[in-house]
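Asker: Have a look at this one before I ask anything.
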Amino acid sequence: MNKKVFVTHQLPGDRIHELSRFCDVNVWMGPGLISAANLREELSGCDGLVCMLTDRIDRDLVAALPELTFVSSMSVGVDHVDVAALSARGMPLGHTPGVLVETTADTAFALMLAAARRVVEADQFVRRGNWTPENAWAPDFFTGKDVSGGTLGIVGLGEIGQAVARRAAGFGMEVLAWNRTRREVPGIESVSLDELLLRSDFVSLHVALTDDTRGLLDAERIALMKPGAVLVNTARGGIVDEEALASALASGRLSAAGIDVFEQEPVAADNPLLSLPNVVVAPHIGSATFITRAKMADLAVDNAIAALKGQEMPHCVNPEVYS
Ligand code: GLV
Ligand code: GLV
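The letter at position 44 of the sequence shown is residue 439 when you use the numbering used here, and the numbering goes up by one with no holes.
In C-alpha cells, the structure reads:
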C-alpha cells in the first residue's frame, strides 16, 4: 500500500509532483489555513506531514497519530512544533534553513530603514492629502534617525544575523552582537546582551523562539535600551514583551520599531503596537519573495522524500533520532 502524506497548503513550484512519485499526496486546498480540527482529521492514517509555521503540531496531536513517521515544516523556525514529542517517538522534523537567510536579512533592513526614516508615516501623510503649503517642507519636517553610521546590535548571530551584519557594514555601522554561545565573526564585536542594549542605536532580533528566548526582551531589558533606539523584530513575537515595548515607544523612550512578527498571529486589532505612529508593521513576511518561498517549498519536499525513502532528511532539526 502506498504511503500517505498530507500537505497543509498548496506549495509554490512543482517539486510536489516529485513527492507524488513516492506516496499518495493529499493537499489542503483551503479556503484559508487549515483548522486544528481539520488537520487532525486529515492526518488520521497518514505516514507523513508537510506543514507550515501556521500549523500547531503539539503533543496531543502527535499522540493521536500513531502512524505518523515524519514531519517536514516549510519554515526555518520550528516553535510551532513540539520537537520533544517528535523526538520521543524517533520522528524526524525537517525545516528549511539557509535559503531564506538573505531575504529575511533584507526584510530586517527594510523595516529598520522604514522605522528610522518614518517611511510609512510619510507615505500615509501624502496619500491622506496632508501635504499642503501650510504643512510642508521645514527644517524639522519628518525628521528621523540616521541608520548610516549608527551602532547596530544583533541579538542572535546565526546565519540571518550575520547577513544583517554584512548589510550594516555597507551602511558604515558599528556592529555589536550577542549570541547565547559566544561567536567570533570578523568585524563584529561580541558583547553581553546588556552591553548590546546599552550601546545600540538599532537592535535587530535573530534568535529562534525557544524556552530560553521567550520573553528575552522583557520590560527590564527594554528599559536598558539606549534612549531613542529602534527595535527591529523579524524573528518571533514571543521573544519580546509587546506591552512593555509599546509603552517604551509611546513614551518616546524608544524612537521607533519595525515589527514583522507578533506573539499572536494574525495580530489582534487591539494590539497596543498597532496604534502607535512610530511602529512599522508587517504580517510575517520575512522570507516572502517568489524565489525564496519556492526554494523553501523545494527543501520541505526534499526532506519529506528523504524520509519516505528511509534516508536521513537533508535538513533535520532533531538528527539525534537517527542515532
Ligand atoms: C519564518 O518565519 C520561518 O520560520 O521560516
Ligand atoms: C536564525 O534562523 C538564524 O540563522 O539566524
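No residue lacks a Cβ here, since even glycine has one placed at the ideal position from N, Cα and C.
Where do the ends of the beta strand (DSSP E) carrying GLU569 lie?
Answerer: It spans 569-573 - the beta strand (DSSP E) in which GLU569 sits, taken as one unbroken run.
Asker: Sort out for me which residues DSSP pairs VAL656 with in a bridge.
Answerer: Partner(s): none; VAL656 has no beta bridge.
Asker: Would you report the Cα separation of GLY647 and ASP596, rounded to the nearest angstrom?
Answerer: Each residue's alpha carbon lies about 14 Å from the other.
Asker: Going by the beta-carbon positions, is the gap between ASP474 and ALA563 smaller than 8 Å?
Answerer: No, these two residues do not count as a Cβ contact at 8 Å.
Asker: Check whether the region 478-486 and the region 455-469 touch, using three or more Cβ-Cβ pairs below 8 Å as the test.
Answerer: Contact holds: three or more Cβ-Cβ distances are below 8 Å.
Asker: Which parts of the region 446-506 are runs of the beta strand (DSSP E), unbroken and 3 residues or longer, counting only runs that do not cross its ends?
Answerer: 465-468, all fully within the region 446-506.
Asker: Taking all protein chains shown into account, decide if TRP532 is buried (16 or more other Cβ within 10 angstroms of its Cβ) or exposed.
Answerer: Exposed.
Asker: Please name the residue in ALA643, ASN525, SER650 and ILE680 whose C-alpha comes closest to that of PHE657.
Answerer: Out of ALA643, ASN525, SER650 and ILE680, ILE680 has the C-alpha closest to the C-alpha of PHE657.
Asker: Distance check for GLU516 and GLY524, CA to CA, integer angstroms please.
Answerer: Using only the alpha carbons, I get a separation of about 13 Å.
Asker: From GLY556 to SER650, what distance separates their C-alpha atoms?
Answerer: One C-alpha to the other measures close to 22 Å.
Asker: How big is the Cα-Cα spacing for ARG513 and ALA458?
Answerer: Straight-line Cα distance between these residues: approximately 48 Å.
Asker: Starting from the C-beta of VAL627, find all residues in its chain whose C-beta is less than 6 Å away, skip the five residues before and the five after it, and write them out in chain order.
Answerer: ALA503, LEU506, MET507, SER599 and GLY653, listed in sequence order.
Asker: Can you name, in chain order, every residue of its own chain whose Cβ lies under 6 Å from the Cβ of LEU552, other than the five neighbours on each side?
Answerer: Here the set comprises ALA572, ASN574 and ARG578.
Asker: By the DSSP assignment, the beta strand (DSSP E) with ASP419 in it spans what residues?
Answerer: Counting along the chain, the beta strand (DSSP E) containing ASP419 begins and ends at 419-422.
Asker: Cβ of ARG451 less than 8 Å from any chain D Cβ?
Answerer: Judged by its chain identifiers, the structure shown contains no chain D, having just a single protein chain.
Asker: Alpha carbons only, please: which of THR449, TRP423 and GLY427 is nearest the one belonging to LEU438?
Answerer: Out of THR449, TRP423 and GLY427, TRP423 has the C-alpha closest to the C-alpha of LEU438.
Asker: Please list the terminal residues of the continuous beta strand (DSSP E) segment that includes LEU547.
Answerer: Per DSSP, LEU547 belongs to the beta strand (DSSP E) from 546-550.
Asker: Which whole-angstrom value is the C-beta distance of SER482 and VAL676, which I expect to be below 8 Å?
Answerer: Not really, about 35 Å apart at Cβ, beyond 8 Å.
Asker: Taking only the alpha-carbon atoms, compute the straight-line gap between ARG410 and GLY633 and give it to the nearest angstrom.
Answerer: Rounded to whole angstroms, ARG410 to GLY633 spans 33 Å at the Cα level.
Asker: According to the neighbour-count rule (16 or more other Cβ atoms, all chains shown, within 10 Å of its Cβ), is PHE401 buried or exposed?
Answerer: Flag for PHE401 reads buried.
Asker: With a threshold of 7 Å, establish whether the CB of SER470 neighbours any heavy atom of ligand 1.
Answerer: SER470 Cβ: within cutoff of ligand 1.
Asker: Taking just the CA atoms, how far does PRO672 sit from GLN519?
Answerer: So the two alpha carbons sit approximately 10 Å from each other.
Asker: To the nearest angstrom, report how far apart ALA723 and CYS418 are at their CA atoms.
Answerer: Nothing can be reported for residue 723, as the shown portion of the chain is limited to 396 through 718.
Asker: With respect to the beta strand (DSSP E) encompassing LEU428, which residues constitute its N-terminal and C-terminal limits?
Answerer: Segment: none, LEU428 is in no beta strand (DSSP E) and carries neither H nor E.
Asker: Between ARG454 and the rest of its own chain, which residues show a CB-CB distance below 6 Å, the 5 nearest in sequence each way excluded?
Answerer: Counting only Cβ-Cβ distances below 6 Å, and skipping sequence neighbours, we find ASP477 and ALA480.
Asker: Indicate, with yes or no, if ligand 1 has a heavy atom lying under 7 Å from the CB of LEU611.
Answerer: LEU611: no, Cβ never under 7 Å from ligand 1.
Asker: Considering only heavy atoms of ligand 1, does any lie closer than 7 Å to the CB of GLY681?
Answerer: Yes, ligand 1 has a heavy atom inside 7 Å of this Cβ.
Asker: In the DSSP output, what is ASN530 paired with across the bridge?
Answerer: Beta-bridge pairing links ASN530 to THR527.
Asker: Just how far apart, CA to CA, sit LEU668 and VAL674?
Answerer: Roughly 7 Å between the two C-alpha positions.
Asker: For LEU619, verify whether its CB is less than 7 Å away from any heavy atom of ligand 1.
Answerer: Flag unset: Cβ of LEU619 not near ligand 1.
Asker: Pull the bridge partners of ASN713 from the DSSP assignment, please.
Answerer: For ASN713, which the question treats as bridged, DSSP gives no partner whatsoever.
Asker: Note down the Cα distance separating VAL542 from LEU444, rounded to an integer number of angstroms.
Answerer: About 43 Å.
Asker: Do you know offhand how far MET700's Cα is from SER415's?
Answerer: Residue 700 is actually Ile in this sequence, not Met. Answer to the nearest angstrom: the Cα atoms are 9 Å apart.
Asker: When you compare the CB positions of ARG594 and GLY545, do they come within less than 8 Å of one another, or not?
Answerer: No.
Asker: So if DSSP puts VAL635 in a beta bridge, which residue, or which two residues, is it bridged to?
Answerer: Its beta-bridge partners are LEU612.
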